[in-house]
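Q: Before I ask anything, let me first share the structure, which is written out below as structure tokens.
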Amino acid sequence: MKRADVIGTGRLGKALTAWLAGGGWQVDRIVSRDAARARRLAKRLGARRGQGLAEYRQPAELVFVAVPDDALAGLARRLAQRADEWSGKVVLHASGALDASVLSPLRELGASTGSMHPLMTFARRGRAPLPKEVVFAIEGDRKAEQAAFELANAWGGKPLQLRPEQKPAYHLAATFASPMIVVMFALAREQLRRSGLNREAQGRAAAGLQRLLKQTAANLGNGSATAAQSAWTGAIARGDHETIRRHRAIAGPSRHVYDALVANAERLLGTAGAKPQSRSKDRDLGNDG
Ligand SMILES: NC(=O)c1ccc[n+]([C@@H]2O[C@H](COP(=O)([O-])OP(=O)(O)OC[C@H]3O[C@@H](n4cnc5c(N)ncnc54)[C@H](OP(=O)(O)O)[C@@H]3O)[C@@H](O)[C@H]2O)c1
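Structural data, given as structure tokens:
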């Protein structure tokens, strides 16, 4: 059985350890700066053992590094201090923004290096997503790319090859589609608090917002520009200028966000009020989304 180590026990490291074990890989070690934590997690996630980073020696044939982007360069330098251990190994990191060059201290010692970014969100709570059908953005040297493609295919995922210079914009796209949506949701909840609804009513309304978000994601279908155009509803899409004016007047701390979004909606999805036909049809159906 092929063997892999996972370094980092955060949101992604935990999911990766479970994914690798479920994909026919033996996770030899899960590695943490805190050895006791690593041992606890190894038991829970099906790794052969847990180990502290300070004691980490003799890496497996594949090492997956799942630490914050800003810690990658320092970690690569630290790992490269054990100079004789890296020749022939494959080291992948999971950053969407950084390319393989951040692992260059290990590459200089003979390791193959690459990045494999799951285009997915791994949160502290909730069920971890399954790798099946996740898009994996891959770049690196030939051997590292090959290992990443094999891994993505073994999981039933969808590999996507990128060039290093394409990663920052690709990652910004992912940032708009997930973490920024969570910020949007926080802004929506803030407006519920400002509305004067009591706590119980706010809770019910928040559950309604979550349902609205789910339906919006479903309406976006395959994510194409056409799907986005037909998913677009609401005051800006209808050209309801009075409603937009009222929103702006009461937006309070999110006024600048609202204004920026109106400007970008018009830039990317069309001019406000450009679709009078769909406007009257929506009204006939009583759809005031
Ligand atoms: N979360 C996501 O949705 C997601 C999605 C796609 C890609 N990624 C990528 O996955 C990587 C990890 O992200 P994450 O969300 O899993 O982060 P995270 O939850 O913050 O976990 C990172 C882990 O790295 C270790 N760590 C933190 N600082 C370190 C340092 N200075 N040196 C060495 N190890 C350190 C810690 O584990 P120990 O305490 O055990 O050492 C920490 O739990 C990032 O490159 C990120 O871009 C994340």
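Heads up, our numbering is the position in the sequence shown plus 7, with the first residue counted as 1. Where a beta carbon is used, it is the ideal one built from N, C-alpha and C, also for glycine.
Name the two residues that bound the continuous beta strand (DSSP E) containing PHE192.
A: Taking the sequence shown and counting its residues from 1, the one referred to as residue 192 is at position 185. PHE192 -> not in any beta strand (DSSP E); alpha helix (DSSP H) instead, spanning 186-201.
Q: Note down the Cα distance separating ARG46 from ILE188, rounded to an integer number of angstroms.
A: By 1-based counting over the sequence shown, the position of residue 46 is 39. By 1-based counting over the sequence shown, the position of residue 188 is 181. Approximately 35 Å between the Cα atoms of the pair.
Q: So, at 7 Å on beta carbons, what are the nonlocal neighbours of ALA181 in its own chain, with the 5 sequence-adjacent residues on each side left out?
A: What you label residue 181 is simply residue 174 of the sequence shown in a count that begins at 1. So the qualifying residues of the chain are GLY103, LEU126.
Q: Identify the residues that DSSP records as bridge partners of PHE143: which are they?
A: Numbered from 1 along the sequence shown, position 136 holds the residue referred to as residue 143. PRO125, PRO166.
Q: Any heavy atom of ligand 1 within a distance shorter than 7 Å of the CB on PRO136?
A: Stepping through the sequence shown from its first residue, residue 136 is reached at position 129. Checking the Cβ of PRO136 against ligand 1 gives no.
Q: So the alpha helix (DSSP H) VAL264 belongs to, where does it begin and stop?
A: For the purposes of this step, residue 264 is taken as the residue at position 257 of the sequence shown. From DSSP, the alpha helix (DSSP H) with VAL264 extends over 262-276.
Q: Following a CB-centred definition, is ASP76 positioned closer than 7 Å to any heavy atom of ligand 1?
A: Sequence index remark: in the sequence shown, residue 76 carries index 69 (1-based). The answer is yes for ASP76.
Q: Go ahead and label VAL70 buried or exposed: buried means 16 or more other beta carbons lie within 10 angstroms of its beta carbon, across all protein chains shown.
A: For this step, residue 70 is matched to residue 63 along the sequence shown. Under this definition VAL70 is a buried residue.
Q: Hey, how far is the Cα of ARG286 from the Cα of HIS254?
A: Here residue 286 refers to the residue found at position 279 of the sequence shown. Here residue 254 refers to the residue found at position 247 of the sequence shown. For ARG286, the pLDDT reaches just 41, beneath the cut-off of 50, and the residue's location in the model is therefore unreliable, although a value from the coordinates is still provided. Cα to Cα, ARG286 sits roughly 19 Å from HIS254.
Q: Can you find a C-beta in chain B that's less than 8 Å from the C-beta of MET187?
A: Looking for chain B here will not work: only one protein chain is present.
Q: Less than 6 Å between C-beta atoms, sequence neighbours within five positions excluded: which residues of the same chain meet that for PRO166?
A: Translated into the one-based positions of the sequence shown, residue 166 becomes position 159. Taken in chain order, the residues that qualify are PHE143, ILE145, PHE156, ALA159.
Q: Out of THR16, ALA54, ARG44, ARG36, which one is the CA nearest neighbour of GLY29?
A: Start at 1 with the first residue of the sequence shown, and residue 29 comes out as number 22. Closest option to GLY29, Cα to Cα, is ALA54.
Q: By DSSP, does THR120 sit in helix, in strand, or in coil?
A: On the sequence shown, position 113 is the one that residue 120 refers to. Residue state, collapsed to three classes: strand.
Q: Cβ atoms of VAL109 and LEU79: under 8 Å apart, would you say?
A: Residue 79 sits at position 72 when you count from the first residue of the sequence shown. Residue 109 sits at position 102 when you count from the first residue of the sequence shown. Contact: yes.
Q: If you measure between the beta carbons of PRO112 and ARG84, is that distance less than 8 Å?
A: For the purposes of this step, residue 112 is taken as residue 105 along the sequence shown, with counting starting at 1. For the purposes of this step, residue 84 is taken as residue 77 along the sequence shown, with counting starting at 1. Their beta carbons are under 8 Å apart, which means PRO112 touches ARG84 by this criterion.
Q: The beta strand (DSSP E) with ASP12 in it runs from where to where?
A: One-based indexing of the sequence shown puts residue 12 at position 5. Counting along the chain, the beta strand (DSSP E) containing ASP12 begins and ends at 10-14.
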